[in-house]
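Chains U and D, in that order, give the protein sequences.
Take 1 as the starting number for the first sequence in the working numbering and just add one per residue.
Take 1 as the starting number for the second sequence in the working numbering and just add one per residue.
Note that the Cβ used here is the ideal one computed from N, Cα and C, for glycine as well.
Since the model is a prediction, treat every value here as computed from it, not as a measurement.
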Amino acid sequence: ETGVTQTPRHLVMGMTNKKSLKCEQHLGHNAMYWYKQSAKKPLELMFVYNFKEQTENNSVPSRFSPECPNSSHLFLHLHTLQPEDSALYLCASSQEASGSLTIGTDTQYFGPGTRLTVL
Amino acid sequence: GEDVEQSLFLSVREGDSSVINCTYTDSSSTYLYWYKQEPGAGLQLLTYIFSNMDMKQDQRLTVLLNKKDKHLSLRIADTQTGDSAIYFCAESIRGNTPLVFGKGTRLSVIA
Numbered sequence: 001e002t003g004v005t006q007t008p009r010h011l012v013m014g015m016t017n018k019k020s021l022k023c024e025q026h027l028g029h030n031a032m033y034w035y036k037q038s039a040k041k042p043l044e045l046m047f048v049y050n051f052k053e054q055t056e057n058n059s060v061p062s063r064f065s066p067e068c069p070n071s072s073h074l075f076l077h078l079h080t081l082q083p084e085d086s087a088l089y090l091c092a093s094s095q096e097a098s099g100s101l102t103i104g105t106d107t108q109y110f111g112p113g114t115r116l117t118v119l
Numbered sequence: 001g002e003d004v005e006q007s008l009f010l011s012v013r014e015g016d017s018s019v020i021n022c023t024y025t026d027s028s029s030t031y032l033y034w035y036k037q038e039p040g041a042g043l044q045l046l047t048y049i050f051s052n053m054d055m056k057q058d059q060r061l062t063v064l065l066n067k068k069d070k071h072l073s074l075r076i077a078d079t080q081t082g083d084s085a086i087y088f089c090a091e092s093i094r095g096n097t098p099l100v101f102g103k104g105t106r107l108s109v110i111a
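Written as structure tokens, this is what we have:
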């Protein structure tokens with residue numbers, strides 16, 4: 001148990017559906033992340049939020065829409081996905097979003113992931 | 001630019017030592033990490049080393065850092081079947097950049 005939870009753990013959706021992934025961290029961290037992990041690309045950073053502000057969007061298609069209402073919660077809203085979007089979606093959190101001289105402030109702690117299948 | 005390289009696969013016999021290697025390019029790295037990912041799970045932080053250290057030992061795990069060559073390794077002594085997983089190397093760079101991850105090394109332990 002890392003202090004980062006994700007729901008649901010498994011999700012199957014059609015291409016016309018709208019669904020949301022939820023991530024919650026109980027570590028008092030200020031930064032949260034969404035990653036996509038697939039067989040083709042082992043670990044792709046999608047979005048970074050630091051103090052509820054989006055600081056990074058790695059050219060992610062608009063059918064993925066993140067939301068960070070507070071530092072403890074992160075959502076990924078999904079709509080009109082494609083079969084190639086099937087993957088494991090991982091959430092992570094850290095005390096801060098970038099490195100500094102302070103010990104391990106950007107050490108990331110991961111949730112268990114949501115396995116998404118798009119039919 | 002930042003880049004972290006790892007070999008993709010490693011196979012060892014149970015009871016032997018495993019050595020997983022990683023190279024990185026950014027000389028301003030402050031911390032270097034090893035994460036373990038078991039099948040169907042998220043990444044679990046295994047250990048980390050500060051860039052002014054050259055070795056860190058934690059039970060069966062030994063981390064070696066050669067800063068001159070920008071080379072990091074993870075040695076697992078007496079490898080067990082439960083060590084079968086993907087191991088990710090990651091570097092922390094001071095500034096506005098999140099952790100940079102390698103592609104992961106899949107360790108298979110043969111009984």
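Quiz item: Do the region 8-25 of chain D and the region 73-91 of chain D meet, that is, are 3 or more Cβ pairs less than 8 Å apart?
Solution: yes
Practice problem: Check P98 of chain D in the structure and name its three-state DSSP category. | Solution: coil
Quiz item: Using a Cβ-Cβ distance under 7 Å, would K36 of chain D count as near chain U?
Solution: no
Quiz item: Which same chain residues, not among the five before or five after N21 of chain D, have their C-beta less than 6 Å away from its C-beta?
Solution: S73
Exercise. Helix, strand or coil for T81 of chain D, going by three-state DSSP, please let me know.
Key: helix
Quiz item: DSSP on P83 of chain U, reduced to helix/strand/coil?
Solution: helix
Self-check item: Sheet register partners of P66 of chain U (DSSP bridge)
Solution: U:L76
Quiz prompt | Closer than 7 Å to chain D by CB, G14 of chain U | solution = no
Quiz item: Is the region 25-35 of chain U in contact with the region 87-95 of chain U, if contact means three or more CB pairs nearer than 8 Å?
Solution: yes
Quiz item: Among D:T62, D:D58, D:I49, which residue has its Cα nearest to the Cα of T30 of chain D?
Solution: D:I49
Quiz prompt | Rounded Cβ spacing between S20 of chain U and L76 of chain U (contact assumed at less than 8 Å) | solution = 7 Å
Exercise. Starting from D58 of chain D, follow the beta strand (DSSP E) in both directions and report where the run begins and ends.
Key: 55-58
Quiz prompt | Residue range of the beta strand (DSSP E) that includes M15 of chain U | solution = Element bounds for M15 of chain U: n/a, residue is neither H nor E.
Practice problem: For G3 of chain U, collect the residues of the same chain with a Cβ closer than 7 Å to its Cβ; drop the 5 residues on either side in sequence, then sort them by chain order. | Solution: Q25, H26, L27, Y109
Self-check item: Extent of the continuous beta strand (DSSP E) run through L45 of chain U
Solution: 44-50
Quiz item: Under three-state DSSP, which class holds N57 of chain U?
Solution: strand
Quiz item: Can you list, in chain order, the residues of its chain whose CB lies under 7 Å from that of P8 of chain U, leaving out five sequence neighbours each side?
Solution: T114
Self-check item: From D:G40, D:M53, D:D58, residue whose alpha carbon lies closest to that of L65 of chain D
Solution: D:M53
Quiz item: What does Y109 of chain U reach in chain D if we use C-beta pairs closer than 7 Å?
Solution: L45
Quiz item: Taking any Cβ of chain D, which residues in the region 19-32 of chain U have a Cβ under 7 Å from it, in chain order?
Solution: none
Quiz item: Does the distance from the CB of D106 of chain U to the CB of S51 of chain D come in under 7 Å?
Solution: no
Quiz item: Roughly how many whole angstroms lie between the Cα atoms of T62 of chain D and T97 of chain D?
Solution: 27 Å
Quiz prompt | Beta carbon of L105 of chain D nearer than 7 Å to that of S7 of chain D | solution = Note that residue 105 of chain D corresponds to Thr in the displayed sequence, not to Leu. A contact, by the Cβ cut-off of 7 Å.
Quiz item: Which one or two residues does DSSP pair with L88 of chain U in a beta bridge?
Solution: U:Q37, U:R115
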